[in-house]
Amino acid sequence: MKTKRRIRTILLTLCAVLIMGLAIAFLGADSFKSPMNYDLVQLEDGWTVTHADKTYTPEQLSLADIGIANIGDVITLTRTLDKYDIDPVTIHFRSILSTVDVLLDGEPIYSYGWDYVEKKQMLPKKQHFVLLPKDYPGKELTIIITPQENKAFSGISPIILGYIEDIARDISQSNRLALFIAVFLVMFGYMMIVISPILMYRGNHDLSITFSGVISVLLGLYILCFNDLFWLFTENAAFYTFLEYITLFLLPASILLFLYTARQINGHLIAMILGIINFGFAITTAILHLTNTIHICHFVTTLHVIALTEGIFVISSLGGSVYKRYRYPDEFRSKSMSTNMLLLGLLLFLGCSVIDIVKFNIKKYFSSGEMNTNINFLTVGALLFMMCLVLNYFFHCIEYINESNMKQQLEGLAYTDSLTSLANRSRCELTLAELSGDYTIISIDLDYLKYTNDNFGHLEGDRLISDFADILSNSFTDASLLGRMGGDEFIVVLPYVNDERLQRDISCFDDLMKHKNSKETHLKFSASYGYADSHDEKFYHTATAQDVYLLADARMYQMKNTHHKQSLGRLYDDLLKHADKEGGSNEK
6 MKTKRRIRTI
16 LLTLCAVLIM
26 GLAIAFLGAD
36 SFKSPMNYDL
46 VQLEDGWTVT
56 HADKTYTPEQ
66 LSLADIGIAN
76 IGDVITLTRT
86 LDKYDIDPVT
96 IHFRSILSTV
106 DVLLDGEPIY
116 SYGWDYVEKK
126 QMLPKKQHFV
136 LLPKDYPGKE
146 LTIIITPQEN
156 KAFSGISPII
166 LGYIEDIARD
176 ISQSNRLALF
186 IAVFLVMFGY
196 MMIVISPILM
206 YRGNHDLSIT
216 FSGVISVLLG
226 LYILCFNDLF
236 WLFTENAAFY
246 TFLEYITLFL
256 LPASILLFLY
266 TARQINGHLI
276 AMILGIINFG
286 FAITTAILHL
296 TNTIHICHFV
306 TTLHVIALTE
316 GIFVISSLGG
326 SVYKRYRYPD
336 EFRSKSMSTN
346 MLLLGLLLFL
356 GCSVIDIVKF
366 NIKKYFSSGE
376 MNTNINFLTV
386 GALLFMMCLV
396 LNYFFHCIEY
406 INESNMKQQL
416 EGLAYTDSLT
426 SLANRSRCEL
436 TLAELSGDYT
446 IISIDLDYLK
456 YTNDNFGHLE
466 GDRLISDFAD
476 ILSNSFTDAS
486 LLGRMGGDEF
496 IVVLPYVNDE
506 RLQRDISCFD
516 DLMKHKNSKE
526 THLKFSASYG
536 YADSHDEKFY
546 HTATAQDVYL
556 LADARMYQMK
566 NTHHKQSLGR
576 LYDDLLKHAD
586 KEGGSNEK
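Each number in our numbering comes from the position in the sequence shown (counting from 1) with 5 added on.
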């Protein structure tokens, strides 16, 4: 049976992976791209590059080695433009933390970023679209890039010449996979955040779904910002550049706080402390940036080190949790699936993130430059991570429901009288201790139990008790408690103070006992009872439930004494009649 279940699980997992792969392949396929008005031209050759008093002509612009661009550096790119069958012609390229000036035969035609420099603000990443005049052929194009931060960037952005609509369409289509995944993550996370208060209101106090939504939104926004896709929605480059940094800085804190609220790893308190520290780090860097004290871009390397260190902690903690669950399967079996899904998601996401972090740093410091880097691994890893978080949440809910059901079953066994299925004495005392508001308590004593046990045996005595419990259940249908205090003593708690309703229920109780007696040959159903309510006139102060029960019990004994006298009277009459019959026969 276990083998079949494992095979089914493996097949379903492979099916899910296949569907995911097909979706990614579809979104990333070139065959679905829209046709262009004109072919785009990448200006790769013919450039003269001047940097740090050094002038050279690279074979390809993407291979130009300018090193790390710092404050004070000036990168100048010069090239003579040919005639292209495109009208109008636009030049497109990117810049990072730098001012840009574009000249045509020494005449300025475009300038960007100097207003930020005057205000001492951080220059954002920027997509530049420079429209060329009609007489551009044969003129010398000069692009001057001036970094305004240390370690601003490395490498040179591809320079594309074409029709502006074609350029914009090409950028969006080449990032189609990232766009779809990012928008999905933002919308999905937003829905989880919206429904989390509803789940909290419904009694689910698991905050992990809230942090799952936050993580999803942060990942989606970061992917949009890194891939420069926000320019499709807004021209405020400073906004989405800052958003890129702050979402990246908030991600470790959100993941750690999710792990704390999910409580599925060893050392979840450490995760909470680290999460708060990370959150404080993100807020501090944001304040320093917004006050122009230290720009947020200078903390990226620190964040990378922190994230990699905490990633090792998270993976080792999760690994320890999984080991404990496999080492002690009987103790942790109910929580294994949710933890396994969480571990799988984190491994996939952290693995993909490490690949992109390492690739980014290699390209920035040792290779062709960060202008040509991407975060495709992180994008796919983010999608897989969120899917694993959703599965983790559902498995966690299933495990919680199973544990709750098991707890209820155990509590039912602990608080239920085995013979009558009514609440036992422990449950009755617990209910009385918690009782408040308006209520009525009926104390009931079953008559003839000892007589039945002595004359017909204990099996018939048990049947008398069990059938009497059924009569109670059918009589007091709106009771908040039906219990057996022990032996022949029973208790009923009604959630109201209403004498008319109470008398109807008691009349029903008496009628059901009479009906039961009409069908029995030797069992007799009879009971003594007394009742009192929380507003009884006997109380001169606020009464406790125990006080009300004792008063009802005293009134029950009054009826019991009456029943006892009636029984003795009937017995005395029977004995006299019997004696009279015997004496008359002797005389004869």
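The beta-carbon is built from N, C-alpha and C at its ideal position, and this holds for glycine as well.
Alpha carbon to alpha carbon, how far is residue j from residue i? Give it in angstroms, no decimals.
i       : j       : result
His-540 : Arg-432 : 24 angstroms
Pro-142 : Ile-164 : 17 angstroms
Met-518 : Thr-436 : 27 angstroms
Leu-451 : Tyr-534 : 9 angstroms
Ala-548 : Ser-471 : 32 angstroms
Met-41  : Asp-171 : 6 angstroms
Asp-475 : Gly-442 : 28 angstroms
Leu-295 : Leu-108 : 33 angstroms
Asp-233 : Thr-378 : 12 angstroms
Ala-550 : Leu-279 : 49 angstroms
Ile-12  : Leu-19  : 11 angstroms
Ile-281 : Val-502 : 52 angstroms
Leu-427 : Val-219 : 47 angstroms
Ile-24  : Thr-425 : 55 angstroms
Thr-104 : Leu-146 : 17 angstroms
Phe-254 : His-309 : 10 angstroms
Arg-468 : Arg-430 : 20 angstroms
Gly-316 : Ala-438 : 50 angstroms
Asp-483 : Met-391 : 47 angstroms
Glu-465 : Lys-524 : 15 angstroms
Leu-396 : Arg-181 : 26 angstroms
Ile-275 : Gly-194 : 25 angstroms
Pro-129 : Leu-355 : 27 angstroms
Thr-55  : Leu-66  : 12 angstroms
Looking at residue i: is its Cβ nearer than 8 angstroms to the Cβ of residue j?
i       : j       : result
Gly-386 : Leu-353 : yes
Asn-75  : Lys-156 : yes
Leu-507 : Phe-495 : no
Ile-228 : Thr-8   : no
Lys-131 : Ser-100 : yes
Leu-454 : Val-498 : no
Phe-284 : Ala-243 : no
Phe-530 : Phe-473 : yes
Val-188 : Leu-137 : no
Arg-489 : Asp-422 : yes
Tyr-43  : Ile-96  : no
Return the chain-ordered list of same chain residues with a C-beta closer than 7 angstroms to the C-beta of residue i, the five sequence neighbours on each side being excluded.
i       : result
Asp-87  : Pro-142
Leu-212 : Thr-266
Arg-556 : In the sequence as displayed, the identity of residue 556 is Leu instead of Arg. Once the five neighbours on either side are set aside, the close Cβ partners of Leu-556 are Ala-537, Asp-541 and Lys-543.
Leu-237 : Ser-177
Arg-338 : Reliability of the predicted coordinates at Arg-338 is poor, the pLDDT of 47 falling under 50, and no value is obtained from them.
Return helix, strand or coil for residue i, following the three-state DSSP convention.
i       : result
Tyr-444 : coil
Arg-268 : coil
His-546 : coil
Thr-675 : The structure shown does not extend to residue 675, since the chain spans only 6 to 593, so no value can be given for it.
Phe-354 : helix
Ile-91  : coil
Lys-524 : helix
Pro-257 : helix
Tyr-420 : helix
Gly-167 : strand
Gly-462 : coil
Asp-361 : helix
Ala-484 : coil
Pro-142 : coil
Arg-338 : Any reading at Arg-338 must be qualified, since the residue scores a pLDDT of 47, below 50, and its modelled position is unreliable; the value itself is stated next. Three-state result, Arg-338: helix.
Ala-57  : coil
Ile-71  : coil
Lys-131 : strand
Pro-113 : strand
CB-CB under 6 angstroms to residue i, same chain, minus the five flanking residues each way: which ones, in chain order?
i       : result
Thr-53  : Thr-62 and Thr-83
Asp-579 : Interpretation of Asp-579 is limited by its pLDDT of 47, a score under 50 that renders its predicted location unreliable; no figure is taken from the coordinates.
Ile-251 : Ala-291
Phe-382 : Cys-357, Ile-360 and Asp-361
Tell me which same chain residues have a C-beta within less than 8 angstroms of the C-beta of residue i, skipping the five on either side of it?
i       : result
Leu-313 : Val-359 and Ile-362
Met-197 : Ile-214, Thr-215, Ser-217, Gly-218 and Ser-221
Ser-201 : Leu-212, Ile-214, Thr-215 and Gly-218
Asp-110 : Lys-144 and Glu-145
Checklist line | Three or more C-beta pairs below 8 angstroms linking the stretch 66-81 and the stretch 107-122 | finding: no
Notebook entry, point to check: Below 8 angstroms, can you find three or more Cβ-Cβ pairs linking the stretch 73-82 to the stretch 147-154?
Noted result: yes
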